[in-house]
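Remarks on the structure that follows.
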């Protein structure tokens, strides 16, 4: 009697993706404990374990989401995508009216629902919905137009904008500039991978460069700032964040204090850090946007480099999965998820070290917050689903070939 091997399907699971995510989650729990322990909020500092356990519950939800999504076939995802995207738009639209006023007053953005002690940020989950919808639109278009022309490429751009613009408008109505940049990064990544002619891509990139340079010029002048504020593109708190980026130490006790103190904390960590749970520099909101300053202060340059290396390994493994799958729909989903995580990492760490303006974007798998963590975990589930079902298909093909040869 042949014994059943309970691990017979292990080759369907990509542990090269799971391992860096697992290690990042451990770093996240340790860093969150330190941030809460040294918080100026007495309730948090008195019982940091409570905050860590609460985040741990979100990790459990994330693992469950990964386990479920990994088993959903591409066909089912294809059928569900329009409904998920439509539901996401409805929820985002409701948020414009029913946002939490207390969180909006604190963050400057109207992007949170509140249900008693429970809060959720729909834009985080909308990122996944938009990625899936863009992947669906591009795959359908490329299947319908095998011969590419400038006209068909223009039509594809129109379809992609029809998916993206409603989301961008709703995010702008919530005054969440940082999240809008993430959606633009997702759009840009899928746009570049969609096969659109370089005769269109190059002018589009050049246009964005000119717009970006022009915006920077306007931000640096008083008249330009007044113009940007009048048209509703920027608000006063965003200008303060830009000023903090240009000169982090110009108002250490005020608007630039968060960035300045994060830089000081990271710098004080030196090569090997001060050791776990040591904090001599207080950084506001350290548990979320500024969590990298905890890593830099406690574990120094070596620890910070290790965390960045984990992200590089994760991105590399996700790219490998992208190349290994023959499913075009999956490939575009993977592209969007890679761009989402890559942009989050680049912007968050860049803001903590003063390289980029602070936009309130969390560090994936490490920062406190359930919505962002769940969104990232769903993304990992979709990536794992590619290999899971790809190996299944290869195995089924081999079985059919073996049956035919026996006949």
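Residue numbers (the UniProt record's numbering): 1 to 407. From the three backbone atoms N, C-alpha and C, an ideal C-beta is built for every residue, glycine too. As the structure is a prediction and not an experimental result, all values here were calculated from the model.
Selection from the options that minimises the alpha carbon distance to residue i
i, options, result
"residue 200", "152, 47, 276", "152"
"residue 15", "316, 348, 61, 354", "316"
"residue 150", "196, 179, 344, 189", "196"
"residue 388", "321, 362, 175, 354", "321"
"residue 284", "41, 26, 28, 11", "41"
"residue 256", "34, 357, 93, 143", "357"
"residue 266", "312, 333, 351, 61", "351"
"residue 39", "314, 354, 277", "277"
"residue 181", "159, 53, 208", "208"
"residue 114", "319, 123, 99", "99"
"residue 178", "344, 355, 376", "344"
"residue 97", "170, 141, 85", "170"
"residue 189", "214, 65, 319, 216", "319"
"residue 375", "250, 212, 232, 62", "62"
"residue 259", "220, 120, 246, 270", "246"
"residue 233", "268, 211, 251", "211"
Buried versus exposed call for residue i [16 or more other C-beta atoms within 10 Å across all chains shown]
i, result
"residue 238", "buried"
"residue 282", "exposed"
"residue 261", "buried"
"residue 112", "buried"
"residue 203", "exposed"
"residue 147", "exposed"
"residue 11", "exposed"
"residue 139", "buried"
"residue 144", "exposed"
"residue 2", "Note that residue 2 scores 44 on pLDDT, short of 50, meaning its location in the model is unreliable; the coordinates nonetheless yield the value given after this. It is exposed - the Cβ of residue 2 has fewer than 16 other Cβ atoms within 10 Å."
"residue 141", "buried"
"residue 279", "buried"
"residue 230", "exposed"
"residue 248", "buried"
"residue 55", "buried"
"residue 121", "buried"
Cβ-Cβ separation, residue j to residue i (assumed contact under 8 angstroms), whole Å
i, j, result
"residue 59", "residue 373", "7 angstroms"
"residue 32", "residue 45", "Contact flag wrong, Cβ pair sits at about 13 angstroms."
"residue 310", "residue 24", "5 angstroms"
"residue 378", "residue 69", "6 angstroms"
Practice item. Could you say if the segment 181-195 and the segment 338-347 meet the contact criterion of at least three C-beta pairs nearer than 8 angstroms? Key: yes
Practice item. Please confirm if the segment 358-367 is in contact with the segment 285-298, defined as three or more CB-CB distances below 8 angstroms between the two stretches. Key: yes
Review point. Does the segment 325-338 come close enough to the segment 290-303 that 3 or more CB-CB pairs lie under 8 angstroms?
Key: no
Review point. Unbroken alpha helix (DSSP H) runs of length 4 or more, entirely within the segment 138-182: which are they?
Key: 150-173
Exercise for review: Would you check if the segment 78-98 and the segment 128-135 touch, i.e. whether three or more CB-CB distances between them fall below 8 angstroms?
Suggested key: yes
Review point. What are the start and end residues of each continuous alpha helix (DSSP H) run of 4 or more residues lying completely inside the segment 302-390, in chain order?
Key: 328-352
Point to revise | Secondary structure, beta strand (DSSP E): runs of 3+ residues fully inside the segment 252-305 | key: Segments of the beta strand (DSSP E) lying fully in the segment 252-305: there are none.
Practice item. Inspect the CB distances between the segment 155-174 and the segment 347-363 and report whether three or more fall short of 8 angstroms. Key: no
Check your understanding: In chain order, which continuous runs of the beta strand (DSSP E) of length 3 or greater are located wholly inside the segment 196-242?
Key -> Here no run is fully enclosed.
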